[in-house]
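Sequential numbering of the sequence shown, starting at 30, is according to our numbering. Some notes on the structure that comes next.
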Amino acid sequence: MSRETVYVVGHRNPDTDSICSAIGYAELCRRQGRDNVRPARAGELNRQTEFILETLGQAPPEQLHDVFPRVRDILAAAPITVHGDVPLVRALDVMRGGDIRMLPVVDGQGRPGGALVLKRLTEQIFFSEESGGIRRVLTSPASLRACLGATALHLRDADEEAELDIYVGAMASQTFRQHLAGADPARAVVFTGDRARVQRDAIEMGVRVLVVTGGLAVADEVVTAARERGVSLLVSPRDTAASALLARLSTPARHLADRDVPTVSLEDRVEDVKRLLLKGKAPGVLALDRDGRVAGVVTKTNLLTPSAVKLVLVDHNELTQALPGADQVEILEVIDHHRLGNFHTEQPIRFINQPLGSTCSVVATLYRQAGLNPEGKVAGLLLGGLLSDTVLLKSPTTTATDRELAEWLSRLAGLDMATFGRSIFAASSALGAYPSVAALLTTDFKEYQSGGRSFGVGQVEVVTFEEFEARRGALAAGLGDLRRERRLDLAGLLVTDIVAQNSLLLVQGEGELLELIDYPRLAPDLFELKGVLSRKKQLVPHLLRALRE
C-alpha cells in the first residue's frame, strides 16, 4: 500500500552517536540518490542530544516504537471492490479479470457488507438445496436488465427485489400455459424468442418479467399489453439458453456476500492476521481503514509479501538492542563500531564495522569514500556524535583516525572543537536534569548475555561525583527495581567524571557475581574504576570475561 521506506535507526535508548550517525548516514544516502531513506530513532532523546540538535537547528528524527510488519505494508495500491447493487455476473467478471477468490462487497461509502467468496458462490449457485432449487433467483427487473445487457421496453417497480422463478417458453402456447399452471405468475420470469402467442400468453397471465431473447423485435401490441398489465418487458441480445442461464447470476451481490468474513485494521500486525487466517475458513480477511472503509483483502498469499519497511542499523548489530520487530523485516545494512553479536540474515548485506571511537566516525569515512563533504549542519552533527562517544577524544576507544576526522568535521561545520565539546557535555552533566531515577538509569542502558548470565549497564557523564553521592541511595534502589523488572543477574550504572577521567560503578546483583568484579571496592555496591571512561571497550569486556569464568 505504501512505497518502500528505508529507516536508518540506532539502538533502543539512543545516545548521541546513535542519533547523529542515523541523521548523517540518511543524508549521505539522499545525496547519492536514495530518496526513500529516512533517519529514525528508537527512543526518547537525552539532554545532550537535544542540545546538539537545537544548537545546530536540526529537527529530531522520527521516533519509531516498533517495525513489526503491519497490514498497511502488504496491501496492493488500491482495493478491488464491487458495490452491493451490482448483479453477481458483473462481480464474477471482476473476480475473473483480477484472478481473485474473494471480492469485498461495499456500500456507497466504501464500507463493507461482506465479501463474495468464489468457493461458496459455486455451492450457492449450482448446489443449492433451498426451496425453488436451481429455478429460483433473488433479483429485480433492473438487476435482470443489467445482468443481461438487455433493453427495457417497459419496467414496473424496477428496483423491487423478490425471489422469482425462471421459465423458458420454448413450446406451443397450450403447452406453455399448462407448464405455468401451477406457478405464481407474479413470481415468474419468462424467457422466449419470437413466439408471439407465448409472449401474449405470458402477459395475459401477468408474469413479473417477460424477456424476449435474441435481440428480436417486439410487436407494438405486445409492448402496449405489457404496459397495461404491468409486466416488465426486456429484450435480451443473447439467445434463450444463454439468457436463462445468465439470469441465475442477476442477484445483487450484497445478497450473496458472506457476512462472516473477519475484518482487521491497517495497523494490525501481520503475525496476528496470519493466526487469524490459519484458524479461519475464509480465504482472506478484509482490511479496513480508520473510517471503516475497505482498504483491501489480506490472503495467505499477501503474507508472503515483503514488508515495505527496510532497515539500516547504525551504532548496534544485536537484535536485542534493535527496535522491536527488527527480526521480521529486511535489514539492508549495518554500520557500527561495536563487538559482533549473534546476528544472522537471510541474504548477504552490507556490513561495515570499524574499530573507531564512534559510529559517526564510520559515517564520516563513508562520506570521504563517496568523494563528498557533509554540509555544515551534518558535519556538526557527526562531530557532536564523535566527541560524545569518545568523551572529547579522551576515551581509550579513540583512534588517530577519530582525531583527524574530528578536525576535518570541525572545519566543515565552522565550529571550535574544544568549545563545542565542552558545551555538549555541560548540557548533560547534571544528574538532576533527568525527570526521574528510572529515566536516568534507562536513558543509555544496554543489556548483554554471557555464560548463561544476563546483565545491563547504563552510563552517565558528570563533571564531579558530588551530585552522584547525594543521590546514590535512590540510584541503588532504582537499579534494584530495574534488575528485577528486566530479570537481570546484574544491573549497573557507570558514572563517569569526564574532567578527572575516572568512573564509579554502582551495581545491584547476586553477591557471588559482585565478587567477580575485579576493581577496587569502595562499598558493597560501589566500585572505583580509575582511568575507565568507556563502557564498551573497558567495562563490558571485563564483565563478559568475569561471567564466562
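Glycine is no exception: its CB is placed at the ideal position from the N, C-alpha and C atoms. Quick caveat, the model's predicted, so the values are computed rather than measured.
Residue interval of the beta strand (DSSP E) (run including residue i)
i	result
A181	180-183
R206	Where R206 is concerned, there is no enclosing beta strand (DSSP E), although the alpha helix (DSSP H) it sits in stretches over 202-208.
E476	474-479
Q488	482-491
Y396	That residue, Y396, is in no beta strand (DSSP E); its alpha helix (DSSP H) goes 388-398.
I381	379-382
A71	66-71
A144	141-146
S261	261-264
A429	Careful: A429 lies outside any beta strand (DSSP E), inside the alpha helix (DSSP H) at 429-442.
P133	131-135
Residues of its chain near residue i, where Cβ-Cβ distance is below 6 Å and the 5 sequence neighbours each way are ignored
i	result
V146	M131, D287
C512	First, the amino acid is wrong: residue 512 is Arg here, not Cys. A520, Q537.
M30	Caution applies to M30, whose pLDDT of 46 falls short of 50 and renders its modelled position unreliable; the value that the coordinates give is listed next. Here the set comprises R101, L104.
Y463	L469
G370	N346, E347
P570	none
M124	L132
G127	I109
G222	T242, G243, T269
S483	L517, D518
E189	S169
N531	K559
S47	G39, H40, D344
R550	F556
Close beta carbons around residue i, own chain, < 7 Å, minus the five adjacent residues each side
i	result
R237	L193, A215, R216, A217, V218, S261
I154	R277
A144	M131, L132, P133, V134, A286, D287, V290, L315
A442	G405, A408, G409, L412
I129	I109
L543	V536
R564	V486, Q488, L523
L572	F484
One or two residues paired with residue i in a DSSP bridge
i	result
F556	L534, R550
N42	None, per the DSSP bridge assignment.
R165	D194
Y36	R67, L340
P372	Note on identity: in this sequence residue 372 is Phe, with Pro being the wrong assignment. For F372, which the question treats as bridged, DSSP gives no partner whatsoever.
V561	Its beta-bridge partners do not exist; DSSP assigns none.
G604	Since the first residue of the chain shown is 30 and the last is 578, residue 604 is not available in this structure.
I583	Because the chain spans 30 through 578 in this model, residue 583 falls outside it and cannot be assessed.
A120	Note: A120 sits in no beta bridge, so no partner.
L239	V219, L262
D526	V491, N531
First and last residue of the uninterrupted alpha helix (DSSP H) at residue i
i	result
A355	Counting along the chain, A355 falls outside any alpha helix (DSSP H), and DSSP gives it neither H nor E.
R512	495-515
P570	569-577
D230	225-234
D418	405-418
G211	G211 -> no alpha helix (DSSP H), and no H or E assigned at all.
L469	466-471
T253	249-258
P425	Counting along the chain, P425 falls outside any alpha helix (DSSP H), and DSSP gives it neither H nor E.
L177	170-177
A447	446-455
Chain-order list of residues whose beta-carbon lies under 8 Å from that of residue i (same chain, five-residue window excluded)
i	result
R185	P170, G259, V260, S261
I378	I360, L361, E362, V363
A506	V466
F474	N42, G485, V486, G487, L511
T45	N75, Q77, T78, I81, G413, G414, S417, D418, I453
G142	G113, V134, V135, D136, R283, A286, R288
L295	M30, R99, V100, R101, L104, A316, L317, D318, R319, A324
Any C-beta of chain C under 8 Å from that of residue i
i	result
L104	Chain labels in this structure do not include chain C; a single protein chain is all it has.
Starting from the N-terminal side, write out each stretch of the beta strand (DSSP E) that is 3 residues or longer and does not extend beyond the segment 267-296.
292-294
Report yes or no: do the segment 44-64 and the segment 392-402 share at least 3 C-beta pairs separated by less than 8 Å?
yes
Which parts of the segment 73-118 are runs of the alpha helix (DSSP H), unbroken and 4 residues or longer, counting only runs that do not cross its ends?
76-85, 100-103
Tell me the start and end of each unbroken alpha helix (DSSP H) in the segment 296-352 that is at least 4 residues and wholly inside, in chain order.
299-308
Would you call the segment 68-76 and the segment 37-48 touching, i.e. three or more CB-CB distances under 8 Å?
yes
Give a yes or no on contact between the segment 319-335 and the segment 175-182, applying the rule of three or more CB pairs nearer than 8 Å.
no
Do the segment 379-393 and the segment 419-432 make contact, defined as three or more Cβ pairs closer than 8 Å?
yes
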